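For the sequence shown, the numbering used here gives the first residue as 14, with consecutive numbering after it.
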Amino acid sequence: MNFLRGVMGGQSAGPQHTEAETIQKLCDRVASSTLLDDRRNAVRALKSLSKKYRLEVGIQAMEHLIHVLQTDRSDSEIIGYALDTLYNIISNDEEEEVEENSTRQSEDLGSQFTEIFIKQQENVTLLLSLLEEFDFHVRWPAVKLLTSLLKQLGPQVQQIILVSPMGVSRLMDLLADSREVIRNDGVLLLQALTRSNGAIQKIVAFENAFERLLDIITEEGNSDGGIVVEDCLILLQNLLKNNNSNQNFFKEGSYIQRMKPWFHVGDENSGWSAQKVTNLHVMLQLVRVLVSPTNPPGATSSCQKAMFQCGLLQQLCTILMATGVPADILTETINTVSEVIRGYQVNQDYFASVNAPSNPPRPAIVVLLMSMVNERQPFVLRCAVLYCFQCFLYKNQKGQGEIVSTLLPSTIDATGNSVSAGQLLCGGLFSTDSLSNWCAAVALAHALQENATQKEQLLRVQLATSIGNPPVSLLQQCTNILSQGSKIQTRVGLLMLLCTWLSNCPIAVTHFLHNSANVPFLTGQIAENLGEEEQLVQGLCALLLGISIYFNDNSLESYMKEKLKQLIEKRIGKENFIEKLGFISKHELYSRASQKPQPNFPSPEYMIFDHEFTKLVKELEGVITKAIYKSSEEDKKEEEVKKTLEQHDSIVTHYKNMIREQDLQLEELKQQISTLKCQNEQLQTAVTQQVSQIQQHKDQYNLLKVQLGKDNQHQGSYSDGAQVNGIQPEEVGRLREEIEELKSNQKLLQSQLAEKDSLIENLKSSQASPGTNEQSSATASRDSEQIAELKQELATLKSQLNSQSVEITKLQTEKQELLQKTETFAKSVPAPGESEAGMAAKTTDVEGRLSALLQETKELKNEIKALSEERTAIKEQLDASNSTIAILQNEKNKLEMDVTDSKKEQDDLLVLLADQDQKIFSLKNKLKELGHPVEEEDELESGDQDDEEDEDEDDGKDQSHI
Numbered sequence: 014m015n016f017l018r019g020v021m022g023g024q025s026a027g028p029q030h031t032e033a034e035t036i037q038k039l040c041d042r043v044a045s046s047t048l049l050d051d052r053r054n055a056v057r058a059l060k061s062l063s064k065k066y067r068l069e070v071g072i073q074a075m076e077h078l079i080h081v082l083q084t085d086r087s088d089s090e091i092i093g094y095a096l097d098t099l100y101n102i103i104s105n106d107e108e109e110e111v112e113e114n115s116t117r118q119s120e121d122l123g124s125q126f127t128e129i130f131i132k133q134q135e136n137v138t139l140l141l142s143l144l145e146e147f148d149f150h151v152r153w154p155a156v157k158l159l160t161s162l163l164k165q166l167g168p169q170v171q172q173i174i175l176v177s178p179m180g181v182s183r184l185m186d187l188l189a190d191s192r193e194v195i196r197n198d199g200v201l202l203l204q205a206l207t208r209s210n211g212a213i214q215k216i217v218a219f220e221n222a223f224e225r226l227l228d229i230i231t232e233e234g235n236s237d238g239g240i241v242v243e244d245c246l247i248l249l250q251n252l253l254k255n256n257n258s259n260q261n262f263f264k265e266g267s268y269i270q271r272m273k274p275w276f277h278v279g280d281e282n283s284g285w286s287a288q289k290v291t292n293l294h295v296m297l298q299l300v301r302v303l304v305s306p307t308n309p310p311g312a313t314s315s316c317q318k319a320m321f322q323c324g325l326l327q328q329l330c331t332i333l334m335a336t337g338v339p340a341d342i343l344t345e346t347i348n349t350v351s352e353v354i355r356g357y358q359v360n361q362d363y364f365a366s367v368n369a370p371s372n373p374p375r376p377a378i379v380v381l382l383m384s385m386v387n388e389r390q391p392f393v394l395r396c397a398v399l400y401c402f403q404c405f406l407y408k409n410q411k412g413q414g415e416i417v418s419t420l421l422p423s424t425i426d427a428t429g430n431s432v433s434a435g436q437l438l439c440g441g442l443f444s445t446d447s448l449s450n451w452c453a454a455v456a457l458a459h460a461l462q463e464n465a466t467q468k469e470q471l472l473r474v475q476l477a478t479s480i481g482n483p484p485v486s487l488l489q490q491c492t493n494i495l496s497q498g499s500k501i502q503t504r505v506g507l508l509m510l511l512c513t514w515l516s517n518c519p520i521a522v523t524h525f526l527h528n529s530a531n532v533p534f535l536t537g538q539i540a541e542n543l544g545e546e547e548q549l550v551q552g553l554c555a556l557l558l559g560i561s562i563y564f565n566d567n568s569l570e571s572y573m574k575e576k577l578k579q580l581i582e583k584r585i586g587k588e589n590f591i592e593k594l595g596f597i598s599k600h601e602l603y604s605r606a607s608q609k610p611q612p613n614f615p616s617p618e619y620m621i622f623d624h625e626f627t628k629l630v631k632e633l634e635g636v637i638t639k640a641i642y643k644s645s646e647e648d649k650k651e652e653e654v655k656k657t658l659e660q661h662d663s664i665v666t667h668y669k670n671m672i673r674e675q676d677l678q679l680e681e682l683k684q685q686i687s688t689l690k691c692q693n694e695q696l697q698t699a700v701t702q703q704v705s706q707i708q709q710h711k712d713q714y715n716l717l718k719v720q721l722g723k724d725n726q727h728q729g730s731y732s733d734g735a736q737v738n739g740i741q742p743e744e745v746g747r748l749r750e751e752i753e754e755l756k757s758n759q760k761l762l763q764s765q766l767a768e769k770d771s772l773i774e775n776l777k778s779s780q781a782s783p784g785t786n787e788q789s790s791a792t793a794s795r796d797s798e799q800i801a802e803l804k805q806e807l808a809t810l811k812s813q814l815n816s817q818s819v820e821i822t823k824l825q826t827e828k829q830e831l832l833q834k835t836e837t838f839a840k841s842v843p844a845p846g847e848s849e850a851g852m853a854a855k856t857t858d859v860e861g862r863l864s865a866l867l868q869e870t871k872e873l874k875n876e877i878k879a880l881s882e883e884r885t886a887i888k889e890q891l892d893a894s895n896s897t898i899a900i901l902q903n904e905k906n907k908l909e910m911d912v913t914d915s916k917k918e919q920d921d922l923l924v925l926l927a928d929q930d931q932k933i934f935s936l937k938n939k940l941k942e943l944g945h946p947v948e949e950e951d952e953l954e955s956g957d958q959d960d961e962e963d964e965d966e967d968d969g970k971d972q973s974h975i
């Protein structure tokens, strides 16, 4: 600060220190001082001088300030001073403009300094990097400086930011700043950045800009918010206008649904502040951006559909019918509703059903038309209502028919209690206000646009001109007013209506030519040399006469095509006629009307042409010119070609009708197929149930089979406990082998008995035989147990067979009951008093029930047959098992007999052995008595033999134990 005082004091000390010298000293101090405080004070002094001495500071200090931004990043204070100074140099401040009274010079100065600054692209990149600093004194001046650069040289700065890495992303971070000042200025920066640059608009949109901006609008209170809401809405407009990609992204992101709360204006309409009116106006414009007629048709219709589904259209119609709404908001709401319903049938149908909150309720269309034909209403509002009516009828043949029907005699309310749309249009068409005449004529023309049916229907309209006079047709009344020489605006409107009415409608042309005064009036108007104001009327008369020639079906002999062309050539001249016809497209207001569908005129005097009519002129001007210059022979050829085309069209129509009939037949067949599919599904369900029942029976059969297999295993377990797949002959073979073994043992015993000398071996064999007897007896006991078990299982199988037979009997009784019901239904006859239709219905019902019962009976028969087959198979298995048991019983009896025989033989052997022992004992006693000398040796030998026999017995026991 001392340095600043010294500099300023030196500046005021004498005249030799000019402002330029002071600035030069400060710049030198910034460039050469080694102390940060000195450099900071110098930059601060430059900042204070930059507003008043903008040119001098900019020329001398810009380079030094940029150098400070590059080298002193660590000190936020000096960076903030440098950024503020650069902002003062580059921006065009309003105060400065007032003081200097040179706006153009100020703007040129700002653009020149901006060009110097961005000449080095690194400077813009440096600013983008400074935006990453969170310090308020750095970030906010950087935002303001970058915004000023974009305002001065937007396209060049946009290109630099676009190629800068993460440039746009850094700017998007400003919207998330918690400090409202930086966030709000960030919105202004993005406004300048996204202006007229589609690439940056897409990047900003995909950086989640829609979500952030809508959140800010909601936080600020929607339409009740301040200027921040307006800034966010303008940024949204920049992102969406003429950018199909962003519009699609906005719709797919379900952001249209978030627009509905904007238009909740509340019950009380007194709180319409200026900012709220501005916010609502921009919000309505944003809706129109999404459904603009200049957008691709597919994108527009998808947005219109979303607006109806989320209730946005309904909310707009509520504002439309509300009271106390400011005029400019009401006008913009009408324009918005117009484009939301334009060309989309669902929305148009809904709009037709909207009623105004009056008593009695009136359709919204009628209320709007009352405003249109009321000359006391504002001009802008009347134009908006006309645009709304045009959009309602655009590609809406149903709506066109409803409007025209209100003019027909059969639908006019005789009581006069309610006013219809058609009556309002006729009243406006023939009123004294030329603007009402023009609006009503254009509105009625839109009711006929590309709709030949309604053109023919409108010929039926009759008007009562005065009491006592006969009614005249609407067509005749239009030509009468036209010939009376009214205002140009009225005549232009009527001529546009007549041209639209007669084009592509030969019947209307015939009605028009039937009035003998019409053609002379038109030729007289065209042939006269009138002023420039009347040239447009002459051109329109030429167009109407050309339409009468081109679409003439030669049904009136006095006004055939050739005669009309001869009349033109005699009274007007072909060249003169074509010249007058060209006055339409050469008019200065023609090109303006052809640009946009909306009738947007600065004042009523400019309301001359309608947009749809300009397209009709462009379509017919060339063909009428050719038709005028064609000869009669060419006309004949053209007639032949037309006839051929008509024949072709009739053939095509015939085939179209055939295709339509085939389509109907296909629809009927599709319905039949769907019915048959339903029946098939029901039958499949029934089949599934039957299959499940069959599966249950199969499971029961498998269970019985498994039980029979177990029986076979038990029957074969008496041999060695192993059975190979239940084969019974092997079991019998094993039993026979055991019998052979017993026989061999018997033979061995007999041989032992035969050998008297080997008494000891016979004794061993005799000792081994009782063990064999015990094994045989044990085997026999096991066989008896197994046979008892087999008998028990056989009894179980028989009980299961009995239960199966009971079920079969039950099914047979159910079958008999079903047959009785079938006979009862078959015998039912309708009462004599019933109608033929009722009898047919009952007959069909009975037949259906009979077929269902027969089908069930057939299925039950199949089940009974299957059960009987299963029962037969089970019986066969039981018979086989019984035969096996009989064979085993016989084998068992044989074995028992063999065992009895072997016991008898063993008893005999024991008796023989006892006799032998007795004889040996008696012989020994005799030897002792006789005093035989070898008695002791024999005893010793016998003792030794006894010992050996004891040892042999022990060994035999051990072996038998093993």
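Cβ coordinates follow ideal geometry from the N, Cα and C atoms, glycine included. Quick caveat, the model's predicted, so the values are computed rather than measured.
For proline 422, no alpha helix (DSSP H) encloses it, and the DSSP letter there is neither H nor E. Taking leucine 166 as the centre and dropping the five residues before and after it, the same chain places the C-beta of Ser124, Thr127, Glu128, Ile131 closer than 8 angstroms to its C-beta, in chain order. If you draw a straight line from the Cα of isoleucine 230 to the Cα of alanine 205, it comes to about 19 angstroms. Residue pairing by DSSP places arginine 375 opposite Ala369 in a beta bridge. With 16 or more other Cβ atoms inside 10 Å of its own Cβ, methionine 75 counts as buried.
Leucine 476 sits in a strand when the DSSP states are folded into three classes.
Taken atom to atom, the span from the alpha-carbon of valine 398 to that of glutamate 90 is near 59 angstroms. Inclusion of alanine 555 and phenylalanine 525 in the CB contact set at 9 angstroms is not warranted, their separation being larger than that value. Per DSSP, the beta bridge partners of valine 485 are Leu476.
Taking the Cα of valine 295 as reference, the smallest distance to any Cα among Ser236, Leu326, Asn464 is reached at Ser236.
Within the same chain, and ignoring the five residues on either side of serine 104 in sequence, the residues whose Cβ sits closer than 7 angstroms to its Cβ are Gly123, Ser161. Per DSSP, reduced to three states, the secondary structure at aspartate 676 is helical.
It is roughly 14 angstroms from the alpha-carbon of cysteine 245 to the alpha-carbon of valine 194. In the three-state scheme derived from DSSP, where H, G and I count as helix and E and B as strand, phenylalanine 614 is classed as coil. Residues of the same chain with a CB within less than 7 angstroms of the CB of lysine 289, apart from the 5 flanking positions on each side, are Ser236, Asp237 in chain order. For arginine 504, the enclosing alpha helix (DSSP H) covers residues 501-515.
For alanine 530, the secondary structure class from DSSP, reduced to helix, strand or coil, is coil.
Here the C-alpha atom of valine 522 lies approximately 51 angstroms from the C-alpha atom of histidine 277. In terms of Cβ geometry, isoleucine 494 and threonine 536 do not form a close pair [threshold 9 angstroms]. Separation of serine 177 and leucine 140 (C-alpha to C-alpha, rounded to the nearest whole angstrom) is 11 angstroms. Looking only at Ile240, Val304, Ala222, the smallest Cα-Cα distance to phenylalanine 321 is reached by Val304. By alpha-carbon distance to serine 486, the top candidate from Asp148, Leu471, Asn906, Gln497 is Leu471. Ranking Glu146, Gln551, Val380 by CA distance to the CA of asparagine 368 puts Val380 first. Within the region 240-291, the complete alpha helix (DSSP H) runs of at least 4 residues fall at 240-253, 257-265.
Counting the other CB atoms within 10 Å of its CB gives alanine 189 a total below 16, which places it among the exposed residues. Of the candidates Gly559, Leu569, Leu184, the residue whose Cα lies closest to the Cα of leucine 508 is Gly559. One thing to note: lysine 164 has its Cβ no nearer than 9 angstroms to the Cβ of tyrosine 100. A direct Cα-to-Cα measurement between leucine 925 and glutamate 889 gives close to 55 angstroms.
Here proline 612 is buried, its C-beta having at least 16 other C-beta atoms within 10 Å. Collapsing the DSSP output to three states places leucine 580 in a helix. Residues of the same chain with a CB within less than 7 angstroms of the CB of threonine 349, apart from the 5 flanking positions on each side, are Leu297, Val300, Arg301, Leu329 in chain order.
Excluding its 5 nearest sequence neighbours in each direction, arginine 271 has C-beta neighbours in its own chain below 6 angstroms: Leu227, listed in chain order.
With respect to leucine 203, leucine 248 sits close: the two C-beta atoms are nearer than 9 angstroms.
Taking glutamine 358 as reference, the option from Val338, Leu382, Tyr407 with the minimal CA-CA separation is Tyr407.
Within the region 535-592, the complete alpha helix (DSSP H) segments of 4 residues or longer fall at 545-563, 574-584, listed in chain order.
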